[in-house]
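Protein sequences appear in the order of chains A and B.
Each step along the first sequence adds one to the number in the numbering used here, with nothing skipped, and position 55 is 55.
Each step along the second sequence adds one to the number in the numbering used here, with nothing skipped, and position 98 is 98.
Beta carbons are placed, not taken as given, at the ideal position from N, Cα and C, and that holds for glycine.
Step one of this worksheet: look at the structure below.
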Amino acid sequence: DAGVIQSPRHEVTEMGQEVTLRCKPISGHNSLFWYRQTMMRGLELLIYFNNNVPIDDSGMPEDRFSAKMPNASFSTLKIQPSEPRDSAVYFCASSLNPYSNQPQHFGDGTRLSIL
Amino acid sequence: AQKITQTQPGMFVQEKEAVTLDCTYDTSDQSYGLFWYKQPSSGEMIFLIYQGSYDEQNATEGRYSLNFQKARKSANLVISASQLGDSAMYFCAMRELPTSGTYKYIFGTGTRLKVLA
Chain A
1 DAGVIQSPRH
11 EVTEMGQEVT
21 LRCKPISGHN
31 SLFWYRQTMM
41 RGLELLIYFN
51 NNVPIDDSGM
61 PEDRFSAKMP
71 NASFSTLKIQ
81 PSEPRDSAVY
91 FCASSLNPYS
101 NQPQHFGDGT
111 RLSIL
Chain B
1 AQKITQTQPG
11 MFVQEKEAVT
21 LDCTYDTSDQ
31 SYGLFWYKQP
41 SSGEMIFLIY
51 QGSYDEQNAT
61 EGRYSLNFQK
71 ARKSANLVIS
81 ASQLGDSAMY
91 FCAMRELPTS
101 GTYKYIFGTG
111 TRLKVLA
């Protein structure tokens with residue numbers, strides 16, 4: 001079975017550019033999570049969706065960040081304009097049921113470098 | 001205050017021996033869940049084991065077991081018969097439901113485990 005698929009795996013871009021990260025959750029999972037991992041701050045939850053609806057976006061750092069989930073099989077995380085401090089590994093995860101013992105299954109992450 | 005505390009930034013263990021990775025948590029909720037994930041150097045996050053706050057027995061999954069002490073608010077991961085492939089970063093995580101009514105998911109800072117041959 002295919003796991004959570006993220007693209008691109010690596011992204012290097014210049015400050016000020018728009019960055020779009022993509023995620024395809026596991027089929028049948030109804031919850032999707034976006035995380036950011038840095039050495040300084042560890043793993044932080046940015047936003048999560050349940051049945052395509054954003055439930056908690058309190059972790060989104062600022063208005064430059066936005067996330068959408070137009071359907072059950074696709075989500076995007078967009079940064080506009082990007083800044084060097086946004087450099088991190090961004091993970092997408094999905095789960096069958098976020099409120100039980102069902103774990104979150106993570107994608108391989110997108111390593112983002114903003115120059 | 002930290003919600004999830006992993007006090008061991010790094011640990012060493014001899015191959016074939018058991019090792020315990022510590023995790024303490026802070027919550028006022030009665031219903032919560034605790035998870036452990038493994039992150040090898042390749043970067044992916046791998047789910048290992050889950051413990052619910054109402055589970056009376058400690059969770060086990062193969063060589064992994066969770067030493068859950070609810071009164072002490074600790075959920076330590078025990079890896080038995082360590083293997084070289086167990087060398088990785090290990091994260092403890094909690095799912096809780098605060099008064100705001102929105103589930104929260106918090107990860108600890110991780111413990112880097114190195115298994116020695």
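Distance between residue j and residue i (C-alpha atoms, nearest Å)
i              : j              : result
A88 (chain B)  : M69 (chain A)  : 32 Å
S41 (chain B)  : R72 (chain B)  : 32 Å
S28 (chain B)  : A81 (chain B)  : 35 Å
F12 (chain B)  : S27 (chain A)  : 39 Å
G16 (chain A)  : P84 (chain A)  : 9 Å
S74 (chain B)  : L97 (chain B)  : 18 Å
P81 (chain A)  : D55 (chain B)  : 46 Å
S53 (chain B)  : I46 (chain B)  : 21 Å
K70 (chain B)  : E11 (chain A)  : 43 Å
L113 (chain B) : P9 (chain B)   : 9 Å
K24 (chain A)  : L116 (chain B) : 37 Å
Y103 (chain B) : R95 (chain B)  : 7 Å
M39 (chain A)  : Q30 (chain B)  : 32 Å
V78 (chain B)  : T24 (chain B)  : 14 Å
G109 (chain A) : F74 (chain A)  : 15 Å
R36 (chain A)  : C92 (chain B)  : 16 Å
Where the beta strand (DSSP E) through residue i begins and ends
i              : result
C92 (chain B)  : 88-96
V12 (chain A)  : 10-13
G85 (chain B)  : No beta strand (DSSP E) holds G85 (chain B); DSSP gives it neither H nor E.
M11 (chain B)  : 10-14
T102 (chain B) : From DSSP, T102 (chain B) is part of no beta strand (DSSP E); its letter is neither H nor E.
G33 (chain B)  : 32-39
S7 (chain A)   : 5-7
Q51 (chain B)  : 46-52
N112 (chain A) : First, the residue type needs correcting, since residue 112 (chain A) is Leu and not Asn in the sequence shown. Segment 110-114, the beta strand (DSSP E) holding L112 (chain A).
T20 (chain B)  : 19-21
L118 (chain B) : Because chain B in this structure spans residues 1 to 117, residue 118 (chain B) falls outside the shown range and cannot be described.
Same chain, Cβ closer than 6 Å to residue i, five either side skipped, listed in chain order
i             : result
T76 (chain A) : T20, R22, K68
F65 (chain A) : I79
P61 (chain A) : none
Where residue i falls: helix, strand or coil (DSSP)
i              : result
G42 (chain A)  : strand
R22 (chain A)  : strand
P54 (chain A)  : strand
P70 (chain A)  : strand
R112 (chain B) : strand
R85 (chain A)  : helix
A59 (chain B)  : coil
Q37 (chain A)  : strand
N78 (chain A)  : Looking at the sequence shown, residue 78 (chain A) is not Asn but Lys. If DSSP states are grouped into helix, strand and coil, K78 (chain A) belongs with the strands.
Cβ-heavy atom distance, residue i to the ligand FMN, below 7 Å
i             : result
M39 (chain A) : The ligand FMN is absent from the structure shown, which contains no ligand whatsoever.
Same chain, Cβ closer than 7 Å to residue i, neighbours up to 5 away in sequence not counted
i             : result
G59 (chain A) : E44, L45, L46, I47
N52 (chain A) : M69, N71, A72
Cβ neighbours of residue i in the same chain (closer than 8 Å, five flanking residues each side left out)
i             : result
N97 (chain A) : N30, S31
TODO: Check whether the stretch 28-35 of chain A touches the stretch 7-25 of chain B, taking contact to mean three or more Cβ pairs, one atom from each stretch, closer than 8 Å.
DONE: no
- [ ] Determine, using beta-carbon pairs with one atom in the stretch 51-65 of chain B and one in the stretch 2-10 of chain B, whether at least three such pairs fall under 8 Å.
- [x] no
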